[in-house]
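**Q** Residue numbering for the sequence shown follows numbering that gives the first Met the number 0, starting at 0 and increasing by one per position.
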Amino acid sequence: MIALDNGFEEVVAIVADAGASAARLCAATGFAALAQGPVDAGALALLGLTGGAREVLIGHPGVARGRIRLIQVEGPVAGLNREGGQAWDPGGIFDINLRALPDIEALQRALVAQGFVAHAPITDWDFGPLAVREVVSSDADGICIALMERVRPPLQGYDGVSGPASFVFNSTQVVPDFEAARHLYRDCFGWLPVQETQGMAAQDSGANCMGLPEGLAAQIPMRIGIYHPEGRMEGSVEIIEYGLRGHDFSDREPPLRGWASLRFPVTDLEEFIERAAQGGCRIIGPVMAQWAPHPAGMAAAAITPWGARLEAFQSGVKDR
């Protein structure tokens, strides 16, 4: 179900071949192709693009949110928006999160078979009452996916979600200034914290899922915040700041390949624009755009100071 003002509904990626990427991702995750065709000119404008493009929408066959829209832009294949970037480098949208249902090892093998490469081996995190397993992998288009498996306590809220992977439930942005990012999501948008933590980037042993050197990772500070309009980890945005200097990809823009934007259905587009501008975002629009397969309506894009693109659609997107 599309939920207005309830976190992101979709994540958008630019890839070299939308059909091929869709086939690979569906083969690994159990997702299905839901729609395909030319990209609407208004939707392209939100990416700062003109000309032609084609798209394929894929998603969990049993859940009408947390989908992935793959866009192939006409013309020569562009480079990557985080070319040569590491997990700790700020700028843009770093990854999306899927829950492994039920086995992270089998799902990771399936991704590897489709061309993904892990940043580090599967990492086991034990926080006493909470234990999870996590692995982060990327493909040749710069599509980065973090898999998470809940070990304990039992995962709640996914009883009706079958298959090897869940819908996309969270997306991460590595930021150069945690307080500025927190200000946007908490103070300007008014979202609630799902989690806010501060510590080191690894276990005491140095083990971590981001590919940080184990001999150094346990000494690197890290701040994490996860935010959602209703405080739920479903369409939530995660921000991470590492206590080290990295390459900054904040100025990278489409048509460079990789995660391009998050899409949000909203009830008040003008309010979204106003709040985003208060947080220092650059605004594109409003424009008339079609979020296929939904009817056309007004939309705008907000580009954060660290280069993450948030697209908001109002008319034509309704609860159903």
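Where is the CB? At the ideal position from N, CA and C, for every residue including glycine.
In three-state terms, what does DSSP make of residue 266?
**A** coil
**Q** Looking at residue 300 and residue 260, is the spacing between their C-beta atoms short of 8 Å?
**A** yes
**Q** Let me know if residue 218 comes out buried or exposed under the rule of 16 or more other beta-carbons within 10 Å of its beta-carbon.
**A** exposed
**Q** Could you please give me the residues that DSSP links to residue 38 through a beta bridge?
**A** DSSP lists no partner for residue 38.
**Q** Taking the alpha carbon of residue 258 as the point to measure from, which residue in 309, 38, 175 has its own alpha carbon closest?
**A** 309
**Q** Just tell me which of 177, 5, 83 has its CA closest to the CA of residue 246.
**A** 83
**Q** Return the first residue and the last residue of the alpha helix (DSSP H) that residue 25 is part of.
**A** 17-28
**Q** Buried or exposed for residue 90, going by 16 or more other Cβ atoms inside 10 Å?
**A** buried
**Q** Should residue 355 be labelled buried (16 or more other beta-carbon atoms within 10 Å of its own) or exposed?
**A** Given that the chain is displayed from residue 0 to residue 319, the structure contains no residue 355 and the question cannot be resolved.
**Q** Taking residue 168 and residue 233 to be in contact with their CB atoms under 8 Å, please state how far apart those CB atoms are, rounded to whole angstroms.
**A** 5 Å
**Q** Is the beta carbon of residue 81 less than 8 Å from the beta carbon of residue 263?
**A** no
**Q** Tell me residue 232's beta-bridge partners as DSSP assigns them.
**A** Residue 232 is not bridged to any residue.
**Q** Cα separation between residue 185 and residue 275?
**A** 11 Å
**Q** Taking the CB atoms as reference points, tell me whether residue 10 and residue 67 lie closer together than 8 Å.
**A** yes
**Q** Drop a sphere of 10 angstroms on the beta-carbon of residue 134, count the other beta-carbons inside from all chains shown, and report buried for 16 or more, exposed for fewer.
**A** That one is buried.
**Q** Would you identify the three-state DSSP class for residue 222, choosing helix, strand or coil?
**A** strand
**Q** Hey, is the segment 124-140 in contact with the segment 98-112, meaning 3+ C-beta pairs nearer than 8 Å?
**A** yes
**Q** For residue 278, count neighbouring Cβ atoms within 10 angstroms of its own Cβ and tell me buried if that reaches 16, exposed if not.
**A** buried
**Q** Please list the terminal residues of the continuous alpha helix (DSSP H) segment that includes residue 177.
**A** Unbroken alpha helix (DSSP H) run through residue 177: 177-181.
**Q** In the DSSP assignment, the alpha helix (DSSP H) including residue 103 goes from what residue to what residue?
**A** 103-112
**Q** How many Å lie between residue 34 and residue 143 at the Cα?
**A** So the two alpha carbons sit approximately 22 Å from each other.
**Q** Quick check on residue 318: buried or exposed, where buried means 16 or more other Cβ atoms within 10 Å of its Cβ?
**A** Low local confidence applies: a pLDDT of 41 at residue 318 is under 50, so the model's placement there is unreliable, and no value is given.
**Q** Please determine, among 101, 97, 17, 304, the residue with the shortest C-alpha to C-alpha distance to residue 176.
**A** In this structure, 304 is the residue among 101, 97, 17, 304 with its C-alpha nearest to the C-alpha of residue 176.
**Q** Below 8 Å on the Cβ atoms is my contact criterion, and I expect residue 271 with residue 172 to pass it. Report the Cβ-Cβ distance as a whole number of Å.
**A** Residue 271 to residue 172, Cβ: 18 Å. No contact.
**Q** Given a cut-off of 8 Å on the beta-carbon distance, is the pair residue 58 and residue 283 in contact?
**A** With a cutoff of 8 Å on beta-carbon distance, residue 58 and residue 283 are scored as not near each other.
**Q** Is the beta carbon of residue 12 sitting closer than 8 Å to the one on residue 70?
**A** yes
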